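Sequences listed follow chains H and F, in order. Throughout the first sequence, residue numbering follows my numbering, covering 1 to 138 in sequence. Throughout the second sequence, residue numbering follows my numbering, covering 139 to 262 in sequence. Even glycine gets a Cβ: it sits at the ideal position worked out from N, Cα and C. This one's a predicted model, so the numbers in the text were calculated from it and none came from an experiment. Structure first, then comments.
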Amino acid sequence: MKDSPGLHLKTYLLILFMVLFAPLGNVLLSKGMKGIGSAKNWAPADLLHILVKILTSGYIWLGIACLLAFFVAYMLVLTWADYSYVQPASAFSYAVVALLSYFLLGEIVPPLRWAGIAVICVGVFVVGRTPPRTTEKA
Amino acid sequence: MREFFFLFMVIVAGTGGELCVTRAMKVVGEVHDFRPAALARFVFRAMRVGWMWIGIGMMTLAFFSLLAMLSIENVSLVVPVTALSYAAGATGALLFLHERISPQRWLGVLIVCVGVTLVWLSRR
């Protein structure tokens, strides 16, 4: 089955949206969780305390909003494109998350990590050369 | 040790949830109308599919596991490492969604996994 240029265009646009909003959401979540800290033990009171902190953190809610925007785009694109295409194609977000963590959070990203992310992007490119849909329309 | 547990939950529950959501979206069908009212109707239809709720439950579990990971490790490590779900995702898509995974896609997923290994090795 041949895919139209329009199908490719809307697929690429929604994947671009996903690639921007998912990393931004994750970076905001990270900022929020670094401020909250991890549970010291698994006692219910401790977990409840952490949960309350999570639910009252502005960074966490902003991160969730970004991830929801990502999720809507993801749901839309999955209605016509294969899961096994969309999931790897959205992996460019790994490079974006490293860039955002470096510039926004000041994280030190070692060269080996950049190399690993670059290899991930190569894998993404290989997957991106395959057609978006390999199964017949429902 | 707890890092491995949370990572396992992020990958397994996250991938399982995505597969369930994908199955639900295939039931609902392709979107042609992008106007807000049409999109709202589309979301409402999707919410009436059982697979969607199973998927949302699993993804919620994965989300809290991700938060736990982010409280321990840097986001530039955590997020790339979760790409291990690609191998699980491709396998699940083949078995659960009956998608045809070409050798080229498998090669891409394999390269992604090599990249994830390098990222993990950069952990201090």
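Distance between residue j and residue i (C-alpha atoms, nearest Å)
i, j, result
"Ile108/H", "Leu14/H", "30 Å"
"Val124/H", "Ser240/F", "14 Å"
"Ser223/F", "Ser214/F", "16 Å"
"Ile36/H", "Ile50/H", "7 Å"
"Phe143/F", "Thr153/F", "15 Å"
"Ala115/H", "Gly58/H", "33 Å"
"Thr198/F", "Val148/F", "10 Å"
"Phe103/H", "Val96/H", "11 Å"
"Val77/H", "Leu16/H", "11 Å"
"Cys251/F", "Val126/H", "13 Å"
"Phe70/H", "Ala43/H", "34 Å"
"Arg129/H", "Tyr85/H", "10 Å"
Neighbouring residues, chain H, relative to residue i (Cβ below 7 Å)
i, result
"Val210/F", "Looking at the sequence provided, one finds Ile at residue 210/F rather than Val. Neighbours of Ile210/F on chain H, chain order: Ser38."
Chain-ordered chain F contacts of residue i [CB-CB under 8 Å]
i, result
"Leu54/H", "The amino acid at residue 54/H is misidentified as Leu; the sequence shows Ile. The answer, in chain order, is Leu205."
"Leu68/H", "Neighbours of Leu68/H on chain F: none; closest Cβ ~11 Å, over 8 Å."
Residues near residue i in its chain [Cβ-Cβ closer than 8 Å; skip 5 each side]
i, result
"Lys40/H", "Asp46"
"Gly253/F", "Pro218 and Ala221"
"Ala226/F", "Ile149, Val150 and Thr153"
"Arg113/H", "Ala98"
"Leu55/H", "none"
Neighbouring residues, chain F, relative to residue i (Cβ below 9 Å)
i, result
"Gly150/H", "Nothing about residue 150/H can be read from this structure; chain H reaches only from 1 to 138."
Contact set for residue i: own chain, Cβ-Cβ below 7 Å, skip 5 residues either direction
i, result
"Leu235/F", "Leu157, Thr160 and Arg161"
"Val169/F", "Phe180"
"Leu232/F", "Ile239"
Cβ-based neighbour list, residue i, same chain, cut-off 6 Å, excluding 5 preceding and 5 following
i, result
"Ala91/H", "Ile120 and Val124"
"Leu248/F", "none"
"Met1/H", "Reliability of the predicted coordinates at Met1/H is poor, the pLDDT of 45 falling under 50, and the value obtained from them is presented with this limitation in mind. Nothing listed; no residue qualifies."
Interface residues of chain F facing residue i [CB-CB closer than 7 Å]
i, result
"Ala91/H", "Ala221 and Val250"
"Ile120/H", "Pro218, Ala221, Val250, Gly253 and Val254"
"Leu57/H", "Correcting the residue identity first, residue 57/H is Ser in this sequence and not Leu. What Ser57/H touches in chain F: nothing, since even the nearest Cβ is about 10 Å away."
"Leu13/H", "Within 7 Å Cβ-Cβ: nothing; Leu13/H doesn't reach chain F, min ~11 Å."
Neighbour list for residue i in chain H, Cβ cutoff strictly below 8 Å
i, result
"Val169/F", "Leu76, Thr79 and Trp80"
**Q.** Segment contact flag, the region 186-193 of chain F with the region 151-169 of chain F, C-beta cutoff 8 Å, min 3 pairs
**A.** Yes, since at least three Cβ pairs between the region 186-193 of chain F and the region 151-169 of chain F fall closer than 8 Å, the two stretches touch.
Q: Count the C-beta pairs between the region 203-217 of chain F and the region 165-184 of chain F that are closer than 8 Å, then say yes if the count reaches three, no if not.
A: These segments do not touch.
Q) Are the region 61-71 of chain H and the region 18-37 of chain H touching by the rule of at least three beta carbon pairs closer than 8 Å? A) Output reads yes: the region 18-37 of chain H touches the region 61-71 of chain H.
Q | Interfacial residues, the region 20-47 of chain H to chain F, with Cβ spacing under 9 Å | A | From the region 20-47 of chain H, only Ala22, Pro23, Asn26, Val27, Leu29, Ser30, Lys31, Gly32, Met33, Lys34, Ile36, Gly37, Ser38 and Ala39 have a Cβ closer than 9 Å to chain F.
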